[in-house]
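First up is the structure itself, then whatever we jot down about it.
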Amino acid sequence: MTTFFCAVLLFACMIILGVQIMIIRQIGMLQSRLRPENMLTKKPKHTSEREIVFLNGERVTFADQHLTACIFLSTTCYVCRPVLERIGSSMRSLNLNVALASADSGSLDRICSEYDLPQDKVFYGDKLQNDLQVFELPALIVLNSHGDVVVRSFVDGIESIRQQIAQINVGEGKASAPSSLKEGIYEPTGTV
């Protein structure tokens, strides 16, 4: 009887410990999303990369574009999946490029067809991601023709992307963004 009681007590303790670990993990993730960026580290405001090579082989240089909008996503990121599921149909209208992480290199055709992503708007973003130190996904980065970061923001969905793209008017190639852009970086919803 006492061994049964001990086993039940041990099982209950393990369940309580598991729940505590899950709560601590969630608090840690929330804290990393909400921390003020400038207090911890300064992010680069310029990239040495000069072009993007899309999955279909097409090359686009930043100098050819007035502004280049890139959203950094990964199929292994649970926060990115809802954005990936909804972004395919909006990519052309928003003039948005998708940078996939190297973890997604397994089956590009499957990823593009599963999420309805056009291959002429998708590229591997590892070099650009490392150069700009984009570690928290999903992230929206808008670069001007010189490779300078105009917008750096954590995005939480397609509507937040639409708002930010509309604010800088990427489709018409005009930077009609808020005056804070003149100071370097505009971060409307969060940090990356």
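11 is the number of the first residue of the sequence shown in the working numbering; add one for each residue after it.
Note that the Cβ used here is the ideal one computed from N, Cα and C, for glycine as well.
This structure is a prediction, so every number in the text was calculated from the model and none was measured.
Spatially closest choice to residue i from the options, by CA coordinates
i	options	result
SER170	THR12, SER100 and GLU68	SER100
PHE133	GLU68, THR13 and PRO54	GLU68
ALA130	ILE34, GLN36, GLY38 and LEU65	A quick correction: the sequence has Asp, not Ala, at residue 130. ASP130 has its Cα closest to that of LEU65, out of ILE34, GLN36, GLY38 and LEU65.
THR86	ALA111, ILE25 and ASP136	ALA111
SER58	VAL70, LYS137, LEU19 and VAL18	LYS137
ASP74	ILE178, GLY157, ARG162 and VAL161	GLY157
VAL152	HIS76, VAL18, CYS16 and ILE26	HIS76
LEU104	HIS56, GLN174, SER123 and PRO54	GLN174
Through-space distance from residue j to residue i, alpha-carbon basis
i	j	result
LEU150	ALA79	7 Å
ALA176	GLN30	42 Å
TYR88	GLU95	11 Å
ILE121	LEU127	8 Å
GLU172	GLN139	As written in the sequence, residue 172 is Arg, which differs from the Glu given in the question. Cα to Cα, the separation comes out at about 21 Å.
VAL63	GLN36	36 Å
LEU142	GLY38	23 Å
ALA60	PHE72	What sits at residue 60 in the sequence shown is Arg, not Ala. In a straight line, the C-alpha of ARG60 is about 6 Å away from that of PHE72.
ASN107	ILE81	6 Å
GLY98	TYR125	6 Å
LEU118	GLY135	14 Å
VAL70	ARG102	15 Å
VAL18	ILE178	60 Å
LEU20	ILE33	20 Å
GLY28	PHE15	20 Å
PRO54	PHE145	12 Å
ASN154	SER123	30 Å
Near the ligand FAD: residue i beta-carbon under 6 Å from a heavy atom
i	result
LEU147	With respect to the ligand FAD, the structure offers nothing, as it holds no ligand at all.
Own chain residues within Cβ distance below 8 Å of residue i, not counting five before or after
i	result
PRO92	GLY167
HIS56	HIS156, GLY157, ASP158 and VAL159
THR12	none
GLY181	Only weak support exists for where GLY181 lies, its pLDDT of 43 falling under 50; the coordinates are left without a value.
Endpoints, the beta strand (DSSP E) within which residue i is located
i	result
GLU68	Taken as a continuous stretch (DSSP letters only), GLU68 belongs to no beta strand (DSSP E), as it is neither H nor E.
LEU106	106-110
SER100	Element bounds for SER100: n/a, residue is neither H nor E.
VAL161	159-164
Residue i: first and last residue of the uninterrupted alpha helix (DSSP H) it sits in
i	result
LEU147	Taken as a continuous stretch (DSSP letters only), LEU147 belongs to no alpha helix (DSSP H), as it is neither H nor E.
ALA79	No alpha helix (DSSP H) holds ALA79; the beta strand (DSSP E) holding it covers 77-83.
GLU58	Correcting the residue type first, residue 58 is Ser in the shown sequence and not Glu. No alpha helix (DSSP H) contains SER58, which DSSP labels as neither H nor E.
SER170	168-178
SER123	118-124
VAL93	90-97
Same chain only: Cβ atoms within 6 Å of residue i, ignoring 5 sequence neighbours per side
i	result
VAL165	PRO148, LEU150 and ILE171
Sequence-distant residues of its chain with Cβ nearer than 7 Å to residue i (five each side left out)
i	result
ILE25	none
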